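The sequence shown lines up with residues 81 to 178 when you count with the working numbering. Virtual Cβ for every residue (Gly too), placed ideally from N, Cα, C. Please read these numbers as outputs of a predicted model, since none were measured by experiment.
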Amino acid sequence: VTPGREGLLAPPGQPDALARAVEYLLNRPRLRRQMGQAGQHTARRYSWDSVAENVLAVYHRVAKTAQPAQTGLPAPANLEQRALPAPQRALRRLTHDV
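Structure (structure tokens):
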């Protein structure tokens, strides 16, 4: 939550501050709507689909630029193809279990 954008924050253990924040929003319906819309927009950025797409994009970038470890062993063939199936299976499990 960005204070003043998607909501208001009150310090933990300070019920008076929480009450003031609630009262402030009760008296400002337009601000409540704006904060609610901003909160929904932010929440969409962190949906499972959005996060999974971002994680897979990182995996793709890493797989394309990955260099073999300096072990003295030969690099595996088709590194990108070998690096991607496991994350894709994990993504399928995540999205199908929800």
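* Asked: Would the beta-carbon of Ala-101 fall within 7 Å of that of Ala-118?
  -> no
* **Cβ separation of Arg-85 and Met-115, assumed to be a contact under 8 Å, to the nearest whole Å** => 7 Å
* To do: Tell me where the alpha helix (DSSP H) around Thr-145 begins and ends.
  => 128-145
* Using the Cα positions of Thr-122 and Arg-108, report the straight-line distance between them to the nearest angstrom. => 21 Å
* With Gly-119 as the anchor, note down where its alpha helix (DSSP H) starts and where it stops. => 109-125
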